[in-house]
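The structure under discussion appears below in the form of structure tokens.
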Amino acid sequence: LLALAGNPHLVRVVGDLRKRSRLYALPALADRGELEASAAEHVELLDLLLAGDAEGAERLMRQHLGHVRSLWAASSR
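Using this note's numbering, read the sequence shown as starting at 123 and increasing by one per residue.
Shown next, in the form of structure tokens:
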């Protein structure tokens, strides 16, 4: 999805962060039964981008990032 934004620096930064966090995030998501919901958000975001719905994509991306932040906050307690 990031590659579609055309920002190679952002792609590298997020890729690095994902590599570092994947060891912790995926098992936690799977344990809480939230892995499928997260994947569904990615699919929905891609659909919005392909449809040219910038407002919908922005709304969903903000929602997704908020969701991810709350998951990380919960897992750090």
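All residues carry an ideal CB built from backbone N, CA and C; glycine is no exception.
#### Entry: Span of the alpha helix (DSSP H), counted from its first residue to its last, around aspartate 169
157 to 172
### Query
So is alanine 179 buried or exposed if we call it buried at 16+ other beta carbons inside 10 Å?
buried
#### Entry: Neighbour flag for alanine 147 against chain D, beta carbons, 8 angstroms
The question asks about chain D, but that chain is absent: this structure has only one protein chain.
### Query
Rounded to a whole number of angstroms, what is the C-alpha to C-alpha distance between valine 136 and leucine 123?
11 angstroms
### Task
Quick one: give me the first and last residue of the alpha helix (DSSP H) that leucine 123 is part of.
Here leucine 123 belongs to no alpha helix (DSSP H), and DSSP marks it neither H nor E.
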